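Note that the protein sequences, when read in sequence, are chains A and B. Residues 216 to 571 (the numbering used here) are what the first sequence spells out, left to right. Residues 769 to 1065 (the numbering used here) are what the second sequence spells out, left to right. Written below as structure tokens is the structure these notes are about.
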Amino acid sequence: MSAKKSIFTAPAGRSTVLALIVLLIVGAVLVNTFAEFVWIGIYTYFCVTLMMVLGLQMFMGNSGILNWTYLGFVGIGAYASSILSTAPQLKSMGVPNMYPALVQLQMPVLPALIVGGLVAAAIAAIIAWPLMRLSDAVGVITLFATLIVIHVVMTQWDNVTNGPRTFFGVQAFTSIWVAAAAASLTLFAAHLFRESSLGLRLRASRDDRHAAMAVGVSVVAVRYFTFVLSSFVGGVGGGLWAHYITSFSPTSFYVVETFVLLTMLVIGGAGSISGATFGAVAITVMREGLRQLEGYLNNSGVINFEVYGLTEVMVAVLLITILIWRPDGIIGGREFTLSRFRRKRSPNQDPEAETA
Amino acid sequence: MINGEFIINTLSLGSLYALLALGLVFVYGILKLVNFAYGEYLMVAGYAMYVFGTFAQLPWYVTMVLAVLIAALTSYLTELVAFRPVRSKSLNAMLVTSFAVSVLLQNAAVLFVSPRSRAVPLPPAFNQSVTLLGVTSPLRNLLTIATAVVLLTALTLLMKYTVLGIAMRAAADKFTTTRLMGVPANLVISVAFIISGFLAGVVSIFWVGRSASVEPLIGFAPLLIAFIATVIGGMHSLLGAVVGGFVYGLLFNVLSIMLPASMINYRDAFMFVIVILFLLIRPEGLIRGGYTEERVG
């Protein structure tokens, strides 16, 4: 990686990320023009999911720490932005126990989304510092425990979230254009972050913690700032998700969804943005396809029992297979580029073979 | 408040949680893997009891033995198929694998049995109460305590006095060195998984016994309890897991009594805040094990 960067020597993977953004927008135009209504919905949902995966990638991919708490911050963003953007009458109807001060609040959707992200980031900033000191198994359990704490608070604090019941009446703000724009922005932001000084220091701490500390990287600090940043992206993503789905409950931000996002990230390769994007595409296609199959099997009566859970079983099998076959994901830890792809055809010429 | 009933309750809850935590630590100690699929071994045992009890109409003691054996077998098979191939890769790969195995087993139950819960036939003894020294308590609680005493004694003897047990303790301490002494890695790890599944199966009998039903997500709550208990007790020693289980049982009962009614729903959150504080302030847990940061390569 060149130490000095200018617009002429863009970091590796810049062209890949730009190509992905172009593909994403062209895809949105094509789907919006030619496809049926259902597909527009699926594409919008995919773009929002992609944004969440990229937010997760920022922290997990670059720090090497499994972030189980992420969906908690997505949920915080979703609730915060929905509470801010929904009209007071609707809120007093939908959430009868809400604090009067919260009921009165209202602002346009766009600032509400940003504030939602900021609230998620603020909560992350408050709780994350001690958590970032932990690595390995202890870190995993702590982050997992934090997810559960956030979930319990969400399901029980019915003055804010309507408890375990559905929070409804959120405006349908997230169109295909909003979602595609947000996903494109996040793609570029994730790329900039990965190549920034902070991103490089974080990746150094991932590859060799002690060596990074020896050259003056404050491992806890770089992890901390990235965690907060990642939570901000997750919070905004959650807000967009909420303004697409319009009614939701705390179960949407728990273990099952964590599994989906983790699968997307791990299958493609957590270390690279192209990997995260590839995983999001692959899993979205696979889940939608299998869901159609499940629906067909259940409605047509080809078999005499109802099929549930087939999608999850297949996704889990795929994930285990990929982890055995390519533990760094299909794309791997480095960005996918055409030159690297060509080089792979003729082995023994890769000057910087993957060592991770 | 502190009466005979409370003591028996706490002891039985603690015994159950101690066995639960012990099963998790057996694998963690050697592989440094927090096994997210651990709760699913419990679920599998529950479904085995359902299938053998309802369809095969076997007597309850046969059902229970079969259920425990099937849980141990499931644990062994997951090790063989999923964990062994990724063992030499990164720790994250192994963790995500265990998460995937958990989702796989859960949804296999949804797919092949039903998303809804199923009633499990239980022996009549599980619903009876006895009065002992002036204290009336369900017979189930006393059975839990007795089972825990027997199993803990047996495991202690196994770990202390057999070659296998000594090899496993050595492997938990310094895996590479143990291999250099001629201990086969696969054998030690497989045995750890089998014991882990066995304990999950035994716990499952009592866990399912409380509600007399089994559902695909039944493994989640015990998994969390095992997490908390191991963290409190200390993840690096088997004794720590047992102590953690009993401390958790005590804490849970005390919180249940002490918390005002409006806060009782936050009990889980309180438990996990305690976990987080423990990890931050005393990450080695109540019982300090040997220095072990080494992972299996």
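Note that beta-carbon positions come from the ideal geometry of N, C-alpha and C, so glycine has one too. Given the structure is predicted, the values throughout are model-derived calculations rather than measurements.
First through last residue of the alpha helix (DSSP H) which encompasses residue i
| i | result |
| --- | --- |
| SER445(A) | 434-460 |
| LEU269(A) | 252-278 |
| HIS1004(B) | That residue, HIS1004(B), is in no alpha helix (DSSP H); it is neither H nor E in DSSP. |
| ASP422(A) | 412-422 |
| GLY807(B) | 806-822 |
| TYR796(B) | 772-799 |
| GLU472(A) | 470-483 |
| LEU320(A) | First-last for LEU320(A): undefined, no H or E at that position. |
| GLY287(A) | 285-300 |
| GLU249(A) | Note that residue 249(A) is Phe in the sequence shown here, rather than Glu. It spans 229-249 - the alpha helix (DSSP H) in which PHE249(A) sits, taken as one unbroken run. |
| ARG947(B) | 943-948 |
| ARG1035(B) | 1035-1049 |
| VAL833(B) | 828-846 |
| GLY309(A) | 303-309 |
Terminal residues of the beta strand (DSSP E) in which residue i lies
| i | result |
| --- | --- |
| VAL898(B) | 897-900 |
| VAL903(B) | 903-906 |
Buried versus exposed call for residue i [16 or more other C-beta atoms within 10 Å across all chains shown]
| i | result |
| --- | --- |
| SER412(A) | exposed |
| HIS425(A) | exposed |
| THR945(B) | exposed |
| LEU534(A) | buried |
| ALA1067(B) | Residue 1067(B) falls outside the range modelled here, since chain B spans only 769 to 1065, and no answer is possible. |
| PRO566(A) | Any reading at PRO566(A) must be qualified, since the residue scores a pLDDT of 44, below 50, and its modelled position is unreliable; no value is offered. |
| SER1030(B) | exposed |
| GLU773(B) | exposed |
| GLN896(B) | exposed |
| ALA989(B) | exposed |
| ILE1049(B) | exposed |
| LEU1019(B) | buried |
| ILE776(B) | buried |
| GLN272(A) | buried |
| LEU1045(B) | exposed |
| ARG438(A) | buried |
| PHE823(B) | exposed |
Residue i at chain B interface by Cβ criterion, 7 Å
| i | result |
| --- | --- |
| VAL364(A) | yes |
| ILE291(A) | no |
| THR357(A) | yes |
| LEU271(A) | no |
| LEU538(A) | yes |
| PRO465(A) | no |
| GLN564(A) | In this prediction, GLN564(A) scores a pLDDT of 42, lower than 50, which makes its location untrustworthy; no coordinate-derived value is stated. |
| GLU527(A) | yes |
CA nearest to the CA of residue i, picked from the options
| i | options | result |
| --- | --- | --- |
| TYR1016(B) | SER1005(B), LEU992(B), MET862(B) | LEU992(B) |
| GLY1013(B) | LEU985(B), SER979(B), LEU1054(B), PRO1028(B) | LEU1054(B) |
| ALA337(A) | ARG549(A), VAL451(A), GLY516(A), SER515(A) | VAL451(A) |
| THR478(A) | ILE798(B), VAL871(B), TYR829(B) | VAL871(B) |
| LEU859(B) | ALA429(A), ALA404(A), VAL353(A) | VAL353(A) |
| GLU808(B) | GLY977(B), ALA893(B), ALA876(B), VAL951(B) | ALA876(B) |
| ALA980(B) | LEU810(B), VAL888(B), GLY902(B) | VAL888(B) |
| THR473(A) | ALA316(A), ILE488(A), GLY449(A), ALA457(A) | GLY449(A) |
| GLU847(B) | LEU837(B), MET862(B), LEU834(B) | MET862(B) |
| LEU826(B) | VAL881(B), LEU873(B), LEU890(B) | LEU890(B) |
| LEU505(A) | VAL263(A), VAL528(A), LEU415(A), VAL367(A) | VAL528(A) |
| THR924(B) | LEU801(B), LEU1006(B), LEU788(B), ASN771(B) | LEU1006(B) |
| PHE463(A) | SER487(A), VAL471(A), PHE383(A) | PHE383(A) |
| GLY279(A) | ALA495(A), GLY228(A), PHE261(A), GLY486(A) | GLY486(A) |
Below-7 Å beta-carbon distance, residue i vs any chain A residue
| i | result |
| --- | --- |
| ALA960(B) | no |
| THR865(B) | yes |
| TYR1034(B) | yes |
| LYS942(B) | no |
| ASN954(B) | no |
| ALA850(B) | yes |
| ASN875(B) | yes |
| PHE1040(B) | yes |
| LEU779(B) | no |
| LEU1006(B) | no |
| ASN860(B) | yes |
| GLU1062(B) | Any reading at GLU1062(B) must be qualified, since the residue scores a pLDDT of 42, below 50, and its modelled position is unreliable; no value is offered. |
| GLY1065(B) | In this predicted model, GLY1065(B) has a pLDDT of only 38, less than 50, meaning its place in the structure is not dependable; the value taken from the coordinates is given anyway. No, because no Cβ of chain A sits closer than 7 Å to the Cβ of GLY1065(B). |
| PRO1028(B) | no |
| PRO892(B) | no |
| GLY1053(B) | no |
For this session: Let me know the alpha helix (DSSP H) ranges lying completely inside the stretch 491-552 of chain A, each 4 residues or longer, listed in chain order.
Result: Correct list: 525-540.
For this session: Could you tell me which uninterrupted beta strand (DSSP E) segments, each at least 3 residues in length, are contained entirely in the stretch 851-892 of chain B, listed from first to last along the chain?
Result: Fully enclosed beta strand (DSSP E) runs of 3 or longer: not present.
For this session: Please specify which runs of the alpha helix (DSSP H), each continuous and at least 4 residues long, are wholly inside the stretch 951-1012 of chain B, giving them in chain order.
Result: You should have 953-979, 988-1001.
Exercise. Which parts of the stretch 321-409 of chain A are runs of the alpha helix (DSSP H), unbroken and 4 residues or longer, counting only runs that do not cross its ends?
Worked result: Complete alpha helix (DSSP H) runs here, min 4: 324-346, 351-371, 373-376.
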